[in-house]
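Trainee: For reference, each letter of the sequence shown is one residue, going 0 to 51 in numbering that gives the first Met the number 0.
Think of the CB as a built atom: it goes at the ideal place given N, C-alpha and C, for glycine as much as any other residue.
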Amino acid sequence: MKISAAAPPAKFTEFQQQGIEGEMEKAYEEYFEGLADGEEALSFAEFKEALS
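(1) Restricting to Cα atoms, I'd like to know which of E39, E38, F14 and E20 is closest to L50.
(2) List the endpoints of the continuous alpha helix (DSSP H) containing E45.
(3) Using CA coordinates, which residue listed in Q15, E24 and L34 is at the minimum distance from F43?
(4) I believe F46 touches Y30 by the beta-carbon criterion, under 8 Å. Please report the beta-carbon distance rounded to the nearest angstrom.
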């Protein structure tokens with residue numbers, strides 16, 4: 000059996016991207032809820048950049 004090295008279909012890639020974004024949103028929510036009173040929160044964009 001020959002395995003193709005072709006890229007996955009675009010739909011699969013979009014599905015993966017949605018999954019990653021969903022995980023990032025969950026992680027941000029946990030981060031936000033874990034902040035101490037009065038502690039300044041990063042924006043979602045800053046949070047994503049910090050994890051990159």
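Mentor: Working from what's here:
(1) Check the Cα spacing between L50 and each of E39, E38, F14 and E20: the tightest is with E20.
(2) F43 to L50 is the span of the alpha helix (DSSP H), which, as asked, contains E45.
(3) Minimum Cα distance to F43 is reached at E24.
(4) Confirmed, about 6 Å.
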